[in-house]
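Trainee: Residues in the sequence shown are numbered from 120 upward in steps of one, following the numbering used here.
Don't be surprised by glycine CBs; every beta carbon is placed ideally from N, CA and C.
First, the structure itself, so that you have it in front of you.
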Amino acid sequence: PIKYNARVVAVGLPCDLAVLELDEEFWKGKESLELCREIPHLDDNVTCIGFPVGGENISVTRGVVSRIDVNMDGLIRIQIDAAINPGNSGGPVLGEHGKVV
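Now the structure itself:
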């Protein structure tokens, strides 16, 4: 894979999330993923995509939504049973219609 430089715009430690900014050139010829407007339901199918540590190829795993909860910070937590390989935690989880959940 080709490596690109990115700038950290924001970090959300309680939700393990970071927003990155890349040069416009990175986005040329690429399509973005669409965000789902609704949270998934229990037992909905999900697909996890990423580049795990030690690999050069994309990794795809599948599972279901096994729990939906709200933590003490008021953040919604959605637990899935799909395998998340080390280094894959930054990849998207897609719902049944291919949108990011």
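Go ahead and pull the three-state DSSP assignment for residue 132.
Mentor: By 1-based counting over the sequence shown, the position of residue 132 is 13. The answer is helix: DSSP assigns residue 132 an H, G or I state.
Trainee: Looking at C-alpha atoms only, which residue of 195, 185 and 149 is the closest neighbour of residue 134?
Mentor: Within the sequence shown, the letter at position 15 stands for residue 134. Measuring from the Cα of residue 134, the nearest candidate turns out to be 195.
Trainee: Could you check the C-alpha separation between residue 157 and residue 220 for me, to the nearest Å?
Mentor: As a working mapping, residue 157 is identified with position 38 in the sequence shown. As a working mapping, residue 220 is identified with position 101 in the sequence shown. Cα to Cα, residue 157 sits roughly 8 Å from residue 220.
Trainee: Where are the beta strand (DSSP E) runs, 3 residues long or more, that stay fully inside the region 129 to 205, in chain order?
Mentor: Complete beta strand (DSSP E) runs here, min 3: 136 to 140, 164 to 169, 178 to 189 and 195 to 199.
Trainee: How about residue 145: is its C-beta nearer than 9 Å to some C-beta of chain B?
Mentor: Within the model displayed, chain B is absent; a lone protein chain is all it includes.
Trainee: What is the C-beta distance between residue 168 and residue 213, in whole angstroms, given that I count them as a contact (C-beta under 8 Å)?
Mentor: On the sequence shown, residue 168 is found 49 positions in, with the first residue counted as 1. On the sequence shown, residue 213 is found 94 positions in, with the first residue counted as 1. About 7 Å; that satisfies the 8 Å criterion.
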